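S.K.:
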Amino acid sequence: MTEENSVIAHDPSATLSVRDLKVTFPSEAGAVEAVRGVNFDVHPGEVVGIVGESGSGKSTVALAVMGLLQNSARVTGSAHFKGHELLGLDDKALSQIRGRSVAMVFQDPLSAFTPVYTIGAQISEAIRIHQDVTKDQANARAIELLDLVGIPQAKDRIRSFPHEFSGGMRQRAMIAMAIANDPDLIIADEPTTALDVTVQAQILDVLETARQATKAALLLITHDLGVVAGTCDRVAVMYGGRVVETSEVYSVFKQPQMPYTIGLLGAVPCLDAGVGEPLIPIEGAPPNMVNLPDACPFVERCPIAIDVCREREPGLDETLTSTTENVHQVACHRSNEIVDGRIDGQPVFALPELGAIAHTAIARADREVVIDVKDLIRQYPVRKGAVLSRRVGTVYAVDGVSFDVRTGEALALVGESGCGKTSTVTEILELRKLKGGSVTIFGKNAAELSKDEKQEVRRNLQVVFQDPQASLDPRLPVGDILAEPLKTHGMPKEEQRPRVLELLSLVGLEATHADRFPAEFSGGQRQRIAIARALALNPQLIILDEPVSALDVSIQAGVLNLLTELRARLGLAYIFVAHDLSVVRQTADRVAVMYLGRIIEIGDTDDVFNRPWHPYTQALLSAVPIPDPVRERERHRILLTGDQPSPTVHYEGCRFRSRCFRYQALPEDQTQDCRTLDPSLTDPTGHNLGHEGTHGAACFHIEERDVV
Amino acid sequence: MGALLRRRVVSMAGYLVRRLAISLLLVFLATSLAFVLASVTMKPRDNYLARNPPVPESSVDGILDAVNQNDKTPVVTRYVTWITGVAHGDFGQTLSGDSINEEMGRRIGVSLRLLLLGSIVGAVFGVLLGVWGALKQYKPSDRIATIFSFVMLATPVFVLATVLKYGAVQFNDLLGFKLIYFTGEITPGLEADFWGTLVNRFQHIILPTLAISLGEIALYSRYQRSAMLDVLGSDYLRTAQAKGLTRRQTFYKHGLRTALIPMTVWFAFAFGTLVVGATFTEKIFSWQGMGAWFIDSISAQDINVAAATTLFTAVLILFSTFLADVMRGFLDPRVRGNQ
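These protein sequence lines map, in sequence, to chains A and B. If you're matching positions, the first sequence starts at 471 in my numbering and goes up one per residue. If you're matching positions, the second sequence starts at 132 in my numbering and goes up one per residue.
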């Protein structure tokens, strides 16, 4: 394969220098080659990003270097840490280095702390393993560290158990633990993936603070190109267990020369794109890492593959633009033909054509209302006691939500976890008597439907869930899954099969797929099956509950395009629930931003993204990283303080007040309204438009601000 | 700082008090049900009907009235008499008129000795075997432990006890003298000093303890093994290693304690099966304990004895549940309730 790789010498000036790292895992199908010859250096004080999608081997690299892989893994190659070999060291020798010179921050902060010890005990343990200090000294240091990473009242919180911390606080504590011994290198493995976007912004900030405090180098492993753009000095893109492109961060984003990198950058939804603009998906799925042939691992998905790509795997070679100061390496046979993401004057990935959305010709007010939700309320009781359970409180999950959706329109409900967006749509799907408010669906009051009417409404109202793995019965062939709604609604048997085949072609699958089982499909294909099932009965309205959040970026783009295309072709209306704002930018016509059970801003997508009014929307948008290092580093980020408050309390005044930067900046005499009145959706003049208005925000001090 | 700690202690104590109150309520319900059920189904009168010469009905009534077991008295009245007695610490009399309290005092000691040793041996060795199996997953030693566990789980106590008895006979023959005894809890008429008595008691208790704890070991080891495997693959063990603990330290400091948490629930469950097992074991090895007495009371149609032994069992099982809750509350900060 690439013999020349193994002879590259270690860089003596590097903090971490990895050469020809290979990791294989045994499996029933054969040896899984998870990492296949990876080279990289991390220099003192430098931030290096390893970016890739699931299965690319990026996390395995980090764990292999730290000797934290399971025993069955076979690791070869070499990893020098400040000139000393790490691979092959015994557990005792490695434990001297781990936590002292090299520290790690893991992805899921809930499971990464031992649940039975306090946060303080776990941090001071990390100190006392490597430093000869007393328990009290370690404790005092732990308080200092927690203070540094921004845990309020660190002195008290040190005695808290992990489950008493929020996700963001746990990740802060994790970083505090990582810098406890002043390491030379911090390895952060997807440190912000499990967090909400405003919390992610806080954590990236803390990580930077921690880095400044310790002067450590940072190896950041992530799937998020936006995070890389904002934080890294150099980046290595991994695909199929190898680095396929590496350079200084500006070059990779500006002059990508590996088709996979180009595709990945094109597939990321952008905050500054337009509604209905297509994304550029990468067709196909990542390779199976067992018995890989000697070919480019990306060849099956590459639009510009030629014969040699199938015959020989390309080495990671320097490009023509590479200089000694800025080495740019790419593993592609045709890399030197690619300039500015184009080859022979044509873009590497052609922009797919999506049908125009027909309804745009008709004014919104003239289109029929599909669903009208008024002052919807949903509450959950909080119970205590196992035998004699009693109600001790209420979660106000949805607390007066109003919106309408018209024919052919896509409304996005966005917000962070716990804001009530999913509770809103599940309450709508119940079609039952409400605790408060009303739902009018297809012109009928949902609470007063007869049994037949209900069945009719269900036919017209369909749903697609987040996790296609869980929402498809694993024991039914796809054809039966798609035929089930047809059968339930009384379609004659002989008409079912043709309809199933029609549905498959509608979502871009093949007729032969009807006889296979869900497990034989990739995540993206499974979500297509779930969409096909929702389409089976020709519905008017589809509720999409986080339809792409379980998918990798390159796959997600294809599903989003499909949704846009189907809407254009079939005149569907969507309610699109998402936590990721960029995902809805190109898919939704209207956006409703939710916070603590209430819509705090609603309007046309262009308005909300380009001219956000509510301070929360502004903070939310400014926290979404943009995959462009130049612009990302020029942006002013609004950091919100703290976490979303508890939804079990009824707040007087504006519910966003406790975290609002505008409220904090206002002179005392202008905050009266914020403290005493509950704001409704208005325009900047204070004119109440209600939810039918084109753009409104629930704020007394609306101030336009450009944040993208 | 102190406030938080104090709040923790208070919430832990509150949790235990609530648990204890619920346990007491359940003991009351269980014994009341047992008394009523025994009173409805058992016919102590039958003991006197087949006598020759026939006992006059008035005499039978007299005998039964004296011990509060006359079926002519309404169940409710008998129940009130009985429960009033129990509330004052008097469990009534057996059919032959002996005090149940006295007999029970002696028998409880016998049963507890067997149950206590059985559950300690079962829990300790079960947990050890489970941890060992998890660490040696899929190695021959783990496979042997697995086979042992499944064979034990599939063997009823009375079969196991009989096999053990047979084995002991063979073993003693092989040695040429009696090392292991298999009847009673002490050699009758033994004259020995304190140590001699202790050794003799030990020779008697080995076999019944084995009979009840082998199944326990098997049960515990299976659950401990899977709990341990869950923990071994957890993220927090990786974190602990990443901060500089060796594999061994990680395992003992962060792994074992967490893996013991689910076992506390099993302690409560396993104790129930242990009590049932002990009932047979006492009969087979001729131990005069509560289990044996319960079986005897059924053939003797003695309502008061049946109710008293049931109460004993209920108390034991609920106490073990309570103990399991205490252990769980101690090991797992997440169940200590609100803060």
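The beta carbon of each residue, even a glycine, is placed where N, CA and C say it ideally should be. Computed from a predicted model, the values in this text were never measured in an experiment.
Just to confirm the assignment: which complete alpha helix (DSSP H) runs, minimum length 4, are found wholly within the segment 1036–1095 of chain A?
M.R.: Within the segment 1036–1095 of chain A, the complete alpha helix (DSSP H) runs of at least 4 residues are 1051–1055, 1075–1080, 1085–1093.
S.K.: Can you tell me which of the three DSSP states residue 473 (chain A) falls into?
M.R.: Bear in mind that the predicted position of residue 473 (chain A) carries a pLDDT of just 43, short of 50, making it unreliable; the figure below should be weighed with that in mind. Three-state result, residue 473 (chain A): helix.
S.K.: Assign residue 550 (chain A) to one of three DSSP states: helix, strand, or coil.
M.R.: Looking at residue 550 (chain A) - three-state DSSP - the assignment turns out to be strand.
S.K.: Can you check whether the C-beta of residue 274 (chain B) is within less than 7 Å of a C-beta belonging to chain A?
M.R.: Cβ-Cβ to chain A under 7 Å: no for residue 274 (chain B).
S.K.: Measuring only the C-alpha atoms, how far is residue 471 (chain A) from residue 775 (chain A)?
M.R.: Because the pLDDT of residue 471 (chain A) is 39, which lies under 50, any placement of that residue in the model is unreliable, and the number read from its coordinates should be weighed accordingly. Each residue's alpha carbon lies about 18 Å from the other.
S.K.: Spatial neighbours of residue 580 (chain A) within its chain, please: C-beta separation below 6 Å, excluding the five flanking residues on both sides.
M.R.: Counting only Cβ-Cβ distances below 6 Å, and skipping sequence neighbours, we find nothing.
S.K.: Return yes when the Cβ of residue 375 (chain B) is within less than 7 Å of the Cβ of residue 570 (chain A), no when it is not.
M.R.: Contact: yes.
S.K.: Give me the Cα-Cα distance between residue 709 (chain A) and residue 1093 (chain A), rounded to the nearest whole angstrom.
M.R.: About 27 Å.
S.K.: Are any of the Cβ atoms in chain B nearer than 7 Å to that of residue 624 (chain A)?
M.R.: Not an interface residue.
S.K.: Quick check: is the beta carbon of residue 205 (chain B) nearer than 7 Å to any beta carbon in chain A?
M.R.: No, residue 205 (chain B) does not count as interfacial toward chain A.
S.K.: Check whether the Cβ atoms of residue 1061 (chain A) and residue 1078 (chain A) sit closer than 7 Å, and answer yes or no.
M.R.: Yes, Cβ-Cβ distance for residue 1061 (chain A) and residue 1078 (chain A) is below 7 Å.
S.K.: Step through the CB atoms of chain B and report whether any lies within less than 7 Å of the CB of residue 538 (chain A).
M.R.: Answer yes: the Cβ-Cβ gap between residue 538 (chain A) and chain B drops below 7 Å somewhere.
S.K.: I'd like to confirm the pairing. Which residues does DSSP put opposite residue 799 (chain A) in its beta bridges?
M.R.: Looking at the DSSP assignment, residue 799 (chain A) forms a beta bridge with A:716, A:788.
S.K.: Can you tell me whether residue 463 (chain B) is helix, strand or coil according to DSSP?
M.R.: It is coil, neither helix nor strand.
S.K.: If you measure from the beta carbon of residue 332 (chain B) to each beta carbon in chain A, is any gap under 7 Å?
M.R.: It does not; no Cβ of chain A falls within 7 Å.
S.K.: Which residues does DSSP pair with residue 873 (chain A) in a beta bridge?
M.R.: A:843, per the DSSP bridge assignment.
S.K.: Under 7 Å, Cβ to Cβ, is there at least one residue of chain A near residue 375 (chain B)?
M.R.: Yes, contact with chain A.
S.K.: Output yes or no for whether 7 Å exceeds the beta carbon distance between residue 845 (chain A) and residue 811 (chain A).
M.R.: Contact: no.
S.K.: By the 10 Å Cβ neighbour count, where 16 or more other Cβ atoms means buried, how is residue 1033 (chain A) classified, buried or exposed?
M.R.: Label assigned to residue 1033 (chain A): buried.
S.K.: Nearest-angstrom Cα distance between residue 1014 (chain A) and residue 1044 (chain A)?
M.R.: Each residue's alpha carbon lies about 7 Å from the other.
S.K.: Which full runs of the alpha helix (DSSP H) of 4+ residues lie inside the segment 561–631 of chain A, going along the chain?
M.R.: Within the segment 561–631 of chain A, the complete alpha helix (DSSP H) runs of at least 4 residues are 561–567, 589–600, 605–618, 624–627.
S.K.: Is residue 385 (chain B) close to chain A, meaning its C-beta is less than 7 Å from at least one C-beta of that chain?
M.R.: Closer than 7 Å to some Cβ of chain A, the Cβ of residue 385 (chain B) qualifies, so yes.
S.K.: Between the alpha carbons of residue 490 (chain A) and residue 955 (chain A), how many angstroms are there, rounded?
M.R.: Whole-angstrom Cα-Cα distance: 53 Å.
S.K.: What are the start and end residues of the beta strand (DSSP E) that includes residue 196 (chain B)?
M.R.: No beta strand (DSSP E) contains residue 196 (chain B), which is instead part of the alpha helix (DSSP H) from 188–197.
S.K.: Determine the direct distance from the alpha carbon of residue 715 (chain A) to that of residue 691 (chain A), and round the result to whole angstroms.
M.R.: Distance between the alpha carbons of residue 691 (chain A) and residue 715 (chain A): 15 Å.
S.K.: Assuming residue 703 (chain A) and residue 722 (chain A) make a contact with CB atoms under 8 Å, what is their CB distance in whole Å?
M.R.: Not confirmed; about 11 Å, so no contact.
S.K.: Can you find the residues in the same chain that come closer than 7 Å, C-beta to C-beta, to residue 505 (chain A), ignoring five residues on each side of it along the sequence?
M.R.: Answer for residue 505 (chain A): 491, 492, 493, 527, 530, 531, 534, 711, listed in chain order.
S.K.: Closer than 8 Å by beta-carbon distance: list the chain B residues that pair up with residue 631 (chain A), in chain order.
M.R.: Those are 464, 465, listed as they occur along chain B.
S.K.: Roughly how many angstroms separate the alpha carbons of residue 296 (chain B) and residue 313 (chain B), rounded to a whole number?
M.R.: Computed Cα separation, rounded: 7 Å.
S.K.: Across the segment 251–259 of chain B and the segment 312–330 of chain B, are there enough close Cβ pairs to call them in contact, namely three or more that are closer than 8 Å?
M.R.: These segments do not touch.
S.K.: Does any residue of chain B have a CB that is nearer than 7 Å to the CB of residue 599 (chain A)?
M.R.: Yes, its Cβ sits closer than 7 Å to a Cβ of chain B.
S.K.: Give a yes or no on whether 7 Å exceeds the smallest Cβ distance from residue 177 (chain B) to chain C.
M.R.: Of the protein chains in this structure, namely A and B, none is chain C.
S.K.: Hey, would you say residue 485 (chain A) sits closer than 7 Å to residue 687 (chain A), going by beta carbons?
M.R.: Yes; because the gap between Cβ atoms is below 7 Å, this pair is in contact.
S.K.: Tell me, please, whether the segment 970–985 of chain A touches the segment 864–884 of chain A by the rule of three or more beta-carbon pairs shorter than 8 Å.
M.R.: The answer is no - the segment 864–884 of chain A does not touch the segment 970–985 of chain A, with fewer than three Cβ pairs under 8 Å.
S.K.: What in chain A is Cβ-close to residue 367 (chain B), meaning under 8 Å?
M.R.: Those are 581, 582, 583, 584, 585, listed as they occur along chain A.
S.K.: Are the C-beta atoms of residue 1028 (chain A) and some chain B residue less than 7 Å apart?
M.R.: So, not an interface residue.
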